[in-house]
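Engineer: The numbering of the sequence shown is full-length UniProt numbering, which starts it at 1 and goes up by one.
Glycine is no exception: its CB is placed at the ideal position from the N, C-alpha and C atoms.
Here it is, the structure, as structure tokens.
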Amino acid sequence: MITFLLEHKIAFLIISEVIFWVFVVLALLFRYWFRMKKASLVAFIILILEELAVLFLGVLDYIHVGTFSSFQVIIVIFIIYGLIFGKSDFKKLDRWIKKKVAHLKGETQSIVEEDTRGDVYGKEHAKQERRNFYGHFLTFVMAHIIFAILFGFVPDSLFNIPLPQGIEGIIKTSNHNPIASISNIWMKILIIDFIWSFSYTIFPKKEK
């Protein structure tokens, strides 16, 4: 059973994420459609169990291969992301489903208006985008601290590592130095996120 699990670890990781989000959405739908307040608690428990399952898969992989791999690095990133952004993303999803259910049930406009109070524009939206980037940057720093402690990885120059071309390039680079490959790609994503987030400081979002 364990051998089968490890042979298909990528598939199991993807399946676990899909199942997690499906059950969370269902739990929130039950909460707002059937007024089952305890459904949110169920969704939170599912969140914890999913993180533990991902961690367990990473530990099994390490025991099996006897060394750190790119798969385990991905697991570490998943867990760090869940710890830092999991709660805020859960709230966003909760708010979105609440709004959709209110529309579908034809509830009073006041309920919809109450839910849309979180919509922000202008300077406030720009501040929110910058705050999101700071969270992303903090995740990046924390991940690299963990990489340094666990794997002894300290990037000399992330920009000197060529970005792999296509799937084959990613696999080859990951086999050579999986952490360096992931770090390089992540750095480029971080730069794009920086440009996107701070663009709202220069060009504020206008209310429709």
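Out of curiosity, what's the CA-to-CA distance linking V42 and F30?
Structural biologist: 10 Å
Engineer: Going by C-alpha distance, which of V101, V120, F71 and A126 is nearest H8?
Structural biologist: F71
Engineer: Straight-line CA distance for W96 to L60?
Structural biologist: When only Cα atoms are considered, W96 and L60 end up about 36 Å apart.
Engineer: Compute the beta-carbon to beta-carbon distance between E50 and I79, rounded to the nearest angstrom, for a pair I have assumed lies under 8 Å.
Structural biologist: In fact, because the Cβ distance is near 11 Å, the residues do not count as touching under 8 Å.
Engineer: Hey, how far is the Cα of F23 from the Cα of E17?
Structural biologist: 10 Å
Engineer: Roughly how many whole angstroms lie between the Cα atoms of M36 and L28?
Structural biologist: 9 Å
Engineer: Does DSSP put M142 in a helix, in a strand, or in coil?
Structural biologist: M142 falls in the helix class under three-state DSSP.
Engineer: Would you please state the rounded distance, in angstroms, between the beta carbons of I179 and V73? I believe it to be under 8 Å.
Structural biologist: Taking C-beta atoms under 8 Å as the contact rule, I179 and V73 qualify, at a distance of about 5 Å.
Engineer: In angstroms, rounded to a whole number, what distance separates the CA positions of S199 and K127?
Structural biologist: 11 Å
Engineer: Short of 6 Å in beta carbon distance, which residues of its chain neighbour F20, apart from the five on each side in sequence? Order them along the chain.
Structural biologist: Scanning its chain for C-beta atoms nearer than 6 Å, with the 5 sequence neighbours on each side dropped, one finds around F20 the residues E50, in chain order.
Engineer: At the level of alpha carbons, what is the spacing between A39 and T139?
Structural biologist: About 29 Å.
Engineer: With a threshold of 16 other CB atoms inside 10 Å of the CB of V141, please say whether the residue is buried or exposed.
Structural biologist: exposed
Engineer: So what does DSSP say about G66, is it helix, strand or coil?
Structural biologist: coil
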